[in-house]
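Protein chains in written order, with the numbering used here: chain Z, 127 to 349; chain D, 2 to 125.
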Amino acid sequence: MKQVVTVKRHALAANEEHAELLRRRFAGSGTLAVNLISSPGSGKTTLLEATLRALRGTVSCAVIEGDVATENDADRIRALGVPAHQILTGGSCHLDARQVARALDEGGIPEVDVLFIENVGNLICPTTYDLGEDFKVVVLSVTEGDDKPVKYPAIFSRAEAAVISKADLLPHVPFDLAAVQARIRSLNPTGTILVASALSGEGIGGWTDLLRTRLAAKRRAGV
Amino acid sequence: MGIALEVYRTCRRTIEEHGGGRLSRVRMAVGELAAVEPELLVYAWEAVVVGGPDEGAELAVEWRPARQFCAACGQAKARASGSWLRVCPDCGLPLEVSGGDELDVLDLSFESDAEEPGAAGRPG
């Protein structure tokens, strides 16, 4: 016998439920959770290293790394004395909320002020999976095509902040910075756009100021 | 692929809750801002159901466009084809975007294992 059943459920409802639990957990500990998304090789880990150095001593941090394979990124973070856990997705192109919860439970990540979640390098699937974060940050390096925002509009319109990385290479590459900024703004009129170089230190202050401001706002809202 | 797998899990759970059976069709709504390509989703879906008890079950995707409204002009604006710009093409101010982010399982049809609804509970 044929039956039709109404479901009316978000396709990723299971992930959304886990993300909500994470959001409550981060609210309870007053942790600002930041989901970093970019293509492979845009410099997320290098940007994180510079960020952690800049925040050292004033803001406690931890990092969850997502990669298909290897502990390389977590090792780089641990070398700075910052707690890190590597999630190995074994082929999956994004992190989901269950993996992040498991990393917090089993990965020895302490309660900190700012938790960075470095997603698997990919501009598509990570956009769809809520990790309970306070906001998403998209990283775009100047060695990539300056039409990337319009090629991958979903992430650029959803990320609250866009960091244009490797800015020290700007004189050497045909990257139209003003055009990229205009493209990002058109996709996301209220987002923040930062231009940074982890090597020269340019823009790292503006980026860490944004993190401090968001952390302070979260703590105030939590009182 | 992950989405197709989650949709399939949702289907199986729903069917089990209704007495079990074989899935024939599931209907989804996918918004243009959901960052999901319907064709690829259907392709992933076929890979999920192939070789299993629900082989051949169909995934039907309903496309949901986003609606954009410019408060300054006081009217809805069409989005230029292929463009994601969220500023008004006429006055340049940010548009209010509503809908278009759907990624929902709407309903499903299945061949029930039961002979008739409530048959087991009926007095002979």
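Positions of the beta carbon are idealized from the N, C-alpha and C atoms, including for glycine.
Residues of chain Z whose Cβ lies closer than 8 Å to the Cβ of Glu40/D do not exist, since the nearest Cβ in that chain is about 14 Å away. In the three-state scheme derived from DSSP, where H, G and I count as helix and E and B as strand, Val131/Z is classed as strand. Comparing C-alpha distances from Gly32/D to each of Gly53/D, Gly93/D, Arg10/D and Leu104/D shows the shortest one belongs to Leu104/D.
Around the beta-carbon of Gln76/D, fewer than 16 other beta-carbon atoms lie within 10 Å, marking it exposed. Pairwise C-beta distances place the stretch 248-257 of chain Z in contact with the stretch 155-175 of chain Z, as three or more of them are shorter than 8 Å. Residue environment for Glu17/D: exposed (fewer than 16 other C-beta atoms within 10 angstroms of its C-beta). Listed by position along chain D, the residues whose Cβ is nearer than 7 Å to that of Arg345/Z form an empty set, because the closest Cβ is around 29 Å away.
The beta carbon of Gly329/Z sits closer than 7 Å to the beta carbons of Ala293, Leu320, Val321, Ala322 and Ser323 from its chain, once the five residues preceding and following it are set aside; these are given in chain order. Between Thr171/Z and Asp199/Z the beta-carbon gap is near 5 Å, inside 8 Å, which marks them as a contact. Around the beta carbon of Thr184/Z, fewer than 16 other beta carbons lie within 10 angstroms, which makes this residue exposed. Neighbours of Ala35/D in chain Z, taken as residues whose beta carbon is under 8 Å from its own, are Thr254 and Ala280 in chain order. Taking the Cα positions, Pro209/Z is about 21 Å away from Arg340/Z. Per DSSP, the beta bridge partners of Val62/D are Met29/D.
The Cβ of Phe111/D sits closer than 7 Å to at least one Cβ of chain Z.
Nearest in C-alpha terms to Gly53/D, of all of Tyr9/D, Cys71/D and Arg87/D, is Tyr9/D.
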